[in-house]
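J.: Sequences listed follow chains A and B, in order.
Residues in the first sequence are numbered consecutively from 8, following the working numbering.
Residues in the second sequence are numbered consecutively from 4, following the working numbering.
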Amino acid sequence: MNQDETLKIVIVGHVDHGKSTLIGRLFYDTGSIPETRYQEIAATCRAQGREFEYAYLMDALEEERDQNITIDTASTFFKTEKRPYVIIDAPGHKQFLKNMITGASSADAAILLVDGVEGVREQTKRHAYVLSLLGIRQVIVTINKLDMVGYDQKVFRQVENDIRAFLHSVDIIPSYVIPISARDGENMATRLGGTPWYTGPTVLEGLDTFENVRGDSDLPLRLPVQDVYKWDGKRIYAGRIETGSAQKGDEVIFLPSGKITRIKSIEKWQAPDLAQAKAGECIGITTEDELFVERGEVIAHRSKAPAKTREFRASIFWLADQPFKNGRTYTLKLATSEVQATVLAIEERLDSSSLEVTERYAEELMATEVGNVLLSLKGEIAADLFSDNIRLGRFVIEDETFIGGGGIIRSFADRAGNATRRINLSEQFSEGEEGNLIDLTRERGSIEFDVTIKFLESLAQGNRILFRLRDPGQIEPVALLAYEHNLNFSFSRIKDQVNLILYKEKVPRVIDHPEDGGL
Amino acid sequence: MYDHLDELEAQSIYIFREAYRKFENLAMLYSIGKDSTTMIHLARKAFFGKIPFPLVHIDTTYKYPEMIEYRDRMAREWQADLIVGSNQEAIAAKMSPEAGRMVCCGKLKTEGLTRIIEERDFHGLFLGIRRDEEGSRAKERVFSPRDKNFEWAYKDQPPELWDQFNTTFALGTHVRVHPILHWTELNIWEYIQREKFEICPLYFAKDGKRFRSLGCMPCTKPIDSNAVTVEEIIAELKVINTPERAGRAQDQENAYAMQKLRAKGYM
């Protein structure tokens, strides 16, 4: 590990659970406060006739001193022997959730602060859930203010159990749960002896075990096109490799357009003739074929391409003052793509502090609420499930001009795992032992059919065709075909699959055993 | 091996490219300092050696001659389109810190900038501020709108997450874009060391003094130092325990000086 690698941490928790004090203590214990700043704060406290407040270290703005709460995202810095840290501060006050998310969205790790006397509260849970939605997996829970209960182990264990149970429900396994007193400094940088029953690391020791979160080079290549520059006789696709790596000469596909070409060169200023580039690098590429693709397309390897989708289910968190409304159309931004998205349904509205479903098929989500929604896009985009690739599985929603909320893709509703496949029915047609058969059980993605006149004539002559379908979802494209060409069909369930018979006749004949070749 | 400087660099390049794509009429505020100069280097990385927008320097006429010499020489080397702006009226009226530092900064810097932005109708302006410089800058967003009166509504800023920025703003606003907001003073020096680009000579010690932060002559004081190389400056910064802008008098006026200046459109 490089000594200079900065780890970005966010500190979250319920209002008044002692966040500013904890941050001030981290500063003090690591000797990170400039002497002049320390004197200035000491003077301010004296002038106000109060004890030295660590909390003041964080509060650079006038309003905060007056209201005694942190109002916006701010960054401050401290160092351990191992490395520097930046604290992306997030407020504990309910109305400022958007600032917390702004801060926490770029964090490598989080400290979730719980007051040992008050226990787990509404915002503790809400913030923990947001950490989960943001994909932050390195989490320390600190149980604070234990000096007020004489460092009673029972109190600690009770709160520890509560918070572990909740975190489990949002897929977070805390790395450490640490009993502390931020005011006294217990288990912050050193063990002061108040908790002989605790054998785990101090807060600083715990932080030092975490790693920087970066784009993962081992995942499949995802290079969203950020811009196209036509300079010096070259057409350069500029972008940052979100995950994976790209080599000169690689065959790549641009999605959603589906255009295929090879990487002719990888471009970086002052770095001629690059052979490859990895996750996290901002590069440009030129291609062997002259393509006309725009910002928003994603460059990937063909065998490991993202999905093309125009309908998916997502968990979203809403931050804007105006509610998020069912039926409305918003601008959705995912990586570099932008598309109009209509809310088909707010399938579940959740209480983000209890995670209980408070309403099914809700009409709106209010600020700070979370929900599971179904979105329909005006055009296709390339995307991944959040569980497969965090960077291509998350998006923001703009409410008019400003970012109003964010979301993560849980599942594709259009079975977009694969691109739509066009099937030429005449070619697929086989006259097997069972008669005229079209077998679609191996098709996994969405399908569309190309129909020839010969195929329709064959049906008009009274021929019947048996379709073997993988699942009931495939009935729809066949039904559409029947609708468009005035055909009939009947189907039956065979275990998990479907047998469907397509024919052109006024009155269908009842078929008892289509499997037995009853055509 | 991809390290923290690579990550910072990539983040800055991403911001540059995002702003260049989203705003028609862009400019970069160039202060001649190490941060601005780092920004130029990053812009050239983002745009494959080019600087596809003008640089704006607001000249208060109180700058050190070494700064102006360096500025003009570098602009030629970069083949940059350099615009030098100033508030001629205030300069003619002999504005100086004697009128009060806050008044002087407001007239010569903020108003000088306001005029150029209006004259040239810039919609977006790159600024090299950093979160670790002082409190109010710590609260900035990467894309930060200023209204018609150049004011910053720091209490009600829209969220920014996952490198998705707010890029649609009301008519009449201009947007401040901060490509190196997430860098620290030390990062800047480490990067200068790694990339080996030239910075203004005033940063290096001469007769036991050097500038840690550059500004106008009457309001900028050098620090005691014998650091004459980038390496020695880095070594010095690792043990120093005073704020970077301690030598900048306008910051010391009162506890909220910078907050007040910045809410009115100061850099």
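Glycine residues also receive a C-beta, built at the ideal position from the N, C-alpha and C atoms.
Here the structure is a predicted model, which means the values were calculated and not measured.
In three-state terms, what does DSSP make of residue 186 (chain A)?
T.: Locating residue 186 (chain A) in the first sequence gives position 179, counting from the first residue. DSSP places residue 186 (chain A) in strand when its eight states are reduced to three.
J.: Pick from A:336, A:382, A:23 and A:137: whose alpha carbon is nearest that of residue 152 (chain A)?
T.: As a first step, residue 152 (chain A) is located in the first sequence; it is residue number 145 there, counting from the start. That would be A:23, whose Cα lies nearest to the Cα of residue 152 (chain A).
J.: Mind checking residue 499 (chain A): buried by the 16 CB within 10 Å criterion, or exposed?
T.: The sequence position of residue 499 (chain A) within the first sequence is 492, counting from 1. Its Cβ having fewer than 16 others within 10 Å, residue 499 (chain A) is exposed.
J.: What are the uninterrupted segments assigned as alpha helix (DSSP H) that are 4 or more residues long and contained completely in the region 200-270 of chain B, given in chain order?
T.: The region 200-270 of chain B contains these whole alpha helix (DSSP H) runs: 233-242 and 260-266.
J.: Hey, is the region 147-164 of chain A in contact with the region 174-189 of chain A, meaning 3+ C-beta pairs nearer than 8 Å?
T.: Touching, yes.
J.: Within the same chain, show all residues whose beta-carbon is closer than 7 Å to that of residue 479 (chain A), passing over the 5 residues directly before and after it, in chain order.
T.: Walking along the first sequence from the start, residue 479 (chain A) turns up at place 472. Contacts found: 505.
J.: Counting contacts by CB-CB distance shorter than 9 Å, is residue 164 (chain B) in contact with chain A?
T.: To locate residue 164 (chain B), count along the second sequence from 1; it is residue 161. For residue 164 (chain B), the answer is yes, since a Cβ of chain A falls inside 9 Å of its Cβ.
J.: Roughly how many angstroms lie between the CA atoms of residue 377 (chain A) and residue 146 (chain B), to the nearest whole one?
T.: The residue you call residue 377 (chain A) lines up with position 370 of the first sequence. The residue you call residue 146 (chain B) lines up with position 143 of the second sequence. Going by the C-alpha atoms only, they are around 26 Å apart.
J.: Is any beta-carbon of chain B found at less than 9 Å from that of residue 27 (chain A)?
T.: Numbered from 1 along the first sequence, position 20 holds the residue referred to as residue 27 (chain A). Answer no: the Cβ-Cβ gap between residue 27 (chain A) and chain B never drops below 9 Å.
J.: Excluding five sequence neighbours on each side, which residues of the same chain lie with their C-beta closer than 6 Å to the C-beta of residue 220 (chain A)?
T.: To locate residue 220 (chain A), count along the first sequence from 1; it is residue 213. Cβ neighbours of residue 220 (chain A) beyond the five flanking positions: 115.
J.: For residue 233 (chain A) versus residue 302 (chain A), is the C-beta distance shorter than 9 Å?
T.: Residue 233 (chain A) sits at position 226 when you count from the first residue of the first sequence. Residue 302 (chain A) sits at position 295 when you count from the first residue of the first sequence. Yes, Cβ-Cβ distance for residue 233 (chain A) and residue 302 (chain A) is below 9 Å.
J.: Within the 9 Å Cβ cut-off, does residue 227 (chain B) reach chain A?
T.: Here the question's residue 227 (chain B) lines up with position 224 in the second sequence. False, the Cβ-Cβ gap to chain A never drops below 9 Å.
J.: Since I believe residue 326 (chain A) is in contact with residue 240 (chain A) (beta carbons under 8 Å), could you give me their beta-carbon distance rounded to a whole number of angstroms?
T.: Position 233 of the first sequence, counted from the start, is the residue given in the question as residue 240 (chain A). Position 319 of the first sequence, counted from the start, is the residue given in the question as residue 326 (chain A). Not quite, the Cβ-Cβ distance comes to about 45 Å (not below 8 Å), so this is no contact.
J.: Using only the alpha-carbon positions, how far apart do residue 74 (chain A) and residue 148 (chain B) sit?
T.: Numbered from 1 along the first sequence, position 67 holds the residue referred to as residue 74 (chain A). Numbered from 1 along the second sequence, position 145 holds the residue referred to as residue 148 (chain B). Bear in mind that a pLDDT of 40 at residue 74 (chain A), under 50, signals an unreliable position, so the number given afterwards is only what the model happens to contain. The alpha-carbon atoms of residue 74 (chain A) and residue 148 (chain B) are separated by roughly 25 Å.
J.: Assuming residue 351 (chain A) and residue 381 (chain A) are in contact, meaning their beta carbons sit under 8 Å apart, how far apart are those beta carbons, in whole angstroms?
T.: Residue numbering aside, residue 351 (chain A) sits at position 344 when the first sequence is read from its first letter. Residue numbering aside, residue 381 (chain A) sits at position 374 when the first sequence is read from its first letter. About 4 Å separates the two Cβ atoms, so the contact holds.
J.: What would DSSP say about residue 431 (chain A), mapped onto helix, strand or coil?
T.: As a first step, residue 431 (chain A) must be located in the first sequence, where it is residue number 424. Note: residue 431 (chain A) maps to strand in three-state DSSP.
J.: Against chain A, which members of the region 15-26 of chain B pass a CB distance test of less than 8 Å?
T.: Result list: 16, 17, 20, 21, 23 and 24.
J.: Got a sec? Which residues, its chain only, sit under 6 Å from residue 403 (chain A) by beta carbon, not counting five neighbours each side?
T.: For this step, residue 403 (chain A) is matched to residue 396 along the first sequence. If we look at residue 403 (chain A) and ignore the five residues flanking it on each side, its Cβ neighbours are 340, 410 and 413.
J.: Interface residues of chain B around residue 112 (chain A) at Cβ under 7 Å?
T.: Position 105 of the first sequence, counted from the first residue, corresponds to residue 112 (chain A). Within 7 Å Cβ-Cβ: 164 and 165.
J.: Taking all protein chains shown into account, do 16 or more other C-beta atoms lie within 10 angstroms of the C-beta of residue 502 (chain A), making it buried, or fewer, making it exposed?
T.: For the purposes of this step, residue 502 (chain A) is taken as the residue at position 495 of the first sequence. So residue 502 (chain A) counts as exposed.
J.: I want to know whether the region 303-310 of chain A touches the region 123-141 of chain B - three or more CB-CB distances under 8 Å.
T.: No: fewer than three Cβ pairs fall under 8 Å.
J.: Curious, which full-length beta strand (DSSP E) runs of at least 3 residues does the region 85-155 of chain A contain?
T.: Qualifying beta strand (DSSP E) stretches, in chain order: 91-96, 116-122 and 145-151.
J.: Between which two residues does the alpha helix (DSSP H) containing residue 195 (chain B) stretch?
T.: For this step, residue 195 (chain B) is matched to residue 192 along the second sequence. Counting along the chain, the alpha helix (DSSP H) containing residue 195 (chain B) begins and ends at 188-198.
J.: Does residue 265 (chain B) pass the burial test, meaning 16 or more other C-beta atoms within 10 Å, or should it be called exposed?
T.: Counting from one through the second sequence, the residue named residue 265 (chain B) turns up at place 262. So residue 265 (chain B) counts as buried.
J.: Counting Cβ pairs, one atom from each stretch, are 3 or more of them under 8 Å apart for the region 99-109 of chain B and the region 234-243 of chain B?
T.: Touching, no.
J.: What separation, rounded to the nearest whole angstrom, lies between the Cα atoms of residue 369 (chain A) and residue 21 (chain B)?
T.: Counting from one through the first sequence, the residue named residue 369 (chain A) turns up at place 362. Counting from one through the second sequence, the residue named residue 21 (chain B) turns up at place 18. Cα to Cα, residue 369 (chain A) sits roughly 36 Å from residue 21 (chain B).
J.: What does residue 409 (chain A) touch in chain B if you count any residue whose Cβ is under 7 Å from its own?
T.: Counting from one through the first sequence, the residue named residue 409 (chain A) turns up at place 402. Neighbours of residue 409 (chain A) on chain B, chain order: 161 and 169.
J.: Below 8 Å on the Cβ atoms is my contact criterion, and I expect residue 252 (chain B) with residue 222 (chain B) to pass it. Report the Cβ-Cβ distance as a whole number of Å.
T.: The residue given as residue 252 (chain B) occupies position 249 in the second sequence. The residue given as residue 222 (chain B) occupies position 219 in the second sequence. That belief holds up - the Cβ atoms of residue 252 (chain B) and residue 222 (chain B) are roughly 4 Å apart, short of 8 Å.
J.: Could you pull the start and end residues of the alpha helix (DSSP H) that residue 491 (chain A) belongs to?
T.: Position 484 of the first sequence, counted from the start, is the residue given in the question as residue 491 (chain A). Residues 482-491.
J.: Considering only C-alpha positions, which residue in the set A:93, A:227 and A:275 is nearest to residue 16 (chain B)?
T.: One-based indexing of the second sequence puts residue 16 (chain B) at position 13. That would be A:275, whose Cα lies nearest to the Cα of residue 16 (chain B).
J.: On the DSSP letters alone, give me the boundaries of the alpha helix (DSSP H) that residue 94 (chain B) sits inside.
T.: On the second sequence, residue 94 (chain B) is found 91 positions in, with the first residue counted as 1. Segment 91-95, the alpha helix (DSSP H) holding residue 94 (chain B).
J.: List, in chain order, every chain B residue whose beta-carbon is nearer than 7 Å to that of residue 285 (chain A).
T.: The residue you call residue 285 (chain A) lines up with position 278 of the first sequence. Residues of chain B passing the Cβ test: 5.
J.: Thinking just about the alpha-carbon of each residue, which of A:487, A:416 and A:470 is nearest to the one in residue 457 (chain A)?
T.: Taking the first sequence and counting its residues from 1, the one referred to as residue 457 (chain A) is at position 450. If we check each option's Cα against that of residue 457 (chain A), A:487 comes out closest.
J.: So that I know if they touch, is there some Cβ in chain A lying closer than 9 Å to that of residue 47 (chain B)?
T.: Here residue 47 (chain B) refers to the residue found at position 44 when the second sequence is read from its first residue. Residue 47 (chain B) counts as touching chain A.
J.: Report yes or no: is there a C-beta of chain B within less than 9 Å of the C-beta of residue 393 (chain A)?
T.: In the first sequence, counting from the first residue as 1, residue 393 (chain A) sits at position 386. So no, residue 393 (chain A) is outside the interface.
J.: Quick check on DSSP: helix, strand or coil for residue 494 (chain A)?
T.: Here residue 494 (chain A) refers to the residue found at position 487 of the first sequence. Note: residue 494 (chain A) maps to coil in three-state DSSP.
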